[in-house]
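Residue numbers (the numbering used here): 683 to 992.
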């Protein structure tokens with residue numbers, strides 16, 4: 683005579699089998715690493731500038747965070763195409779902005795978001811953090827064509843880089859935004875007028891270094907730095923009075939990350955392209971990135987030596 687299986691054991695077995703391979707919500711949902719991200723972009727700031735310019739404040743961020751002086755722009759190595767790539771998480775073959783001064787895509791965008799353009803990091807925040815504040819303060823008016831204006835709480839075109847920085851800081855301190863993109867027009871203007879790799883160019887680069895520490899010091903003074911990640915980068919470098927070429931002097935850009943949950947790893951080994959910036963911001967804020975983005979987060983920047991991030 684066969685014995686009947688224990689009903690309790692069967693139930694436990696079924697629960698174990700059905701639960702196998704399933705992760706809890708806490709394991710599958712991305713976790714935010716910081717409350718605030720400040721993206722600082724300096725137009726025409728080639729990575730080669732670190733060889734000659736005095737940049738104590740940026741170097742301090744590099745030493746106490748992570749950096750690469752071999753990050754690359756997309757081609758062509760010019761302004762609108764690269765600023766678009768930086769915040770759109772993809773290259774020009776997908777977002778369609780292909781020229782120095784693109785105001786609309788020359789190539790049809792592969793995806794059109796609810797903002798009427800290829801979706802930027804601002805649209806991700808708008809979808810997944812609808813209550814969060816976000817803003818853009820920029821010195822070059824060309825930036826104004828590259829983000830969803832109806833999704834930001836600050837849309838300011840400053841006349842000078844100092845005015846641009848001050849407006850951004852006022853917004854950050856007052857509104858505590860999830861993301862603020864600060865765009866400086868220099869040293870690009872000096873590079874075009876006088877030339878890259880000139881004493882005047884390096885003096886302008888050093889002026890950007892001073893603006894960066896002004897931002898860092900203000901965040902520290904307002905007790906926000908511990909909850910903030912700062913990313914500093916550029917769109918391209920340059921040779922002579924131009925840009926857009928295929929040399930490393932034109933293509934290699936600085937990529938510096940500093941702040942909350944960014945250990946002092948120093949130089950990063952990751953291969954970084956400018957569209958990885960948007961994906962890294964999404965990773966910091968705990969957002970899910972869309973499949974059509976090509977960028978990937980620079981997770982190495984958040985690793986403690988000997989320990990991989992979750």
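Ideal placement from N, C-alpha and C gives every residue a C-beta, glycine not left out. Keep in mind the model is a prediction, meaning the values are calculated, not measured.
Within 8 Å, strictly: CB atoms of residue i and residue j
i: residue 720; j: residue 890; result: no
i: residue 748; j: residue 944; result: yes
i: residue 840; j: residue 849; result: yes
i: residue 751; j: residue 716; result: no
i: residue 968; j: residue 759; result: no
i: residue 771; j: residue 977; result: yes
i: residue 934; j: residue 735; result: no
i: residue 897; j: residue 769; result: no
i: residue 762; j: residue 781; result: yes
Residue interval of the alpha helix (DSSP H) (run including residue i)
i: residue 899; result: 881 to 903
i: residue 658; result: With the chain represented from 683 up to 992, any question about residue 658 goes unanswered, as that position is not in the structure.
i: residue 965; result: 958 to 966
i: residue 639; result: Outside the displayed span of the chain (683 to 992) sits residue 639, for which this structure offers no information.
i: residue 750; result: Where residue 750 is concerned, there is no enclosing alpha helix (DSSP H), although the beta strand (DSSP E) it sits in stretches over 748 to 754.
i: residue 845; result: 843 to 857
i: residue 934; result: Unbroken run through residue 934 is the beta strand (DSSP E), 934 to 941; no alpha helix (DSSP H).
i: residue 807; result: 803 to 810
Where the beta strand (DSSP E) through residue i begins and ends
i: residue 765; result: No beta strand (DSSP E) contains residue 765, which is instead part of the alpha helix (DSSP H) from 761 to 770.
i: residue 865; result: 861 to 866
i: residue 724; result: 718 to 724
i: residue 837; result: 836 to 839
i: residue 929; result: Note, residue 929: premise wrong, no beta strand (DSSP E); not H, not E.
i: residue 668; result: Here the chain has residues from 683 to 992 only, and residue 668 is not among them.
i: residue 915; result: 910 to 915
Whole-Å CB distance - residue i paired with residue j, under 8 Å assumed
i: residue 727; j: residue 892; result: Incorrect: roughly 14 Å between the Cβ atoms, too far for contact.
i: residue 843; j: residue 866; result: 4 Å
i: residue 814; j: residue 807; result: 6 Å
i: residue 755; j: residue 956; result: 5 Å
Span separating the alpha-carbon of residue i from that of residue j
i: residue 932; j: residue 869; result: 13 Å
i: residue 981; j: residue 962; result: 8 Å
i: residue 949; j: residue 824; result: 32 Å
i: residue 954; j: residue 966; result: 16 Å
i: residue 902; j: residue 894; result: 12 Å
i: residue 777; j: residue 960; result: 13 Å
i: residue 745; j: residue 946; result: 6 Å
i: residue 899; j: residue 905; result: 10 Å
i: residue 941; j: residue 801; result: 26 Å
i: residue 922; j: residue 871; result: 12 Å
i: residue 984; j: residue 822; result: 31 Å
i: residue 774; j: residue 786; result: 12 Å
i: residue 936; j: residue 798; result: 31 Å
i: residue 855; j: residue 718; result: 11 Å
i: residue 860; j: residue 828; result: 19 Å
i: residue 767; j: residue 857; result: 27 Å
Close beta carbons around residue i, own chain, < 6 Å, minus the five adjacent residues each side
i: residue 853; result: 817, 836
i: residue 879; result: none
i: residue 810; result: 969
Close-in-space but distant-in-sequence residues of the same chain around residue i (CB under 7 Å, 5 per side omitted)
i: residue 731; result: 884, 887
Any C-beta of chain C under 8 Å from that of residue i
i: residue 732; result: Annotation note: the requested chain C is absent from the structure, which comprises a single protein chain.
Cut-off 8 Å between Cβ atoms - residues of its own chain near residue i, not counting five sequence neighbours on either side
i: residue 909; result: 716, 717, 718, 942
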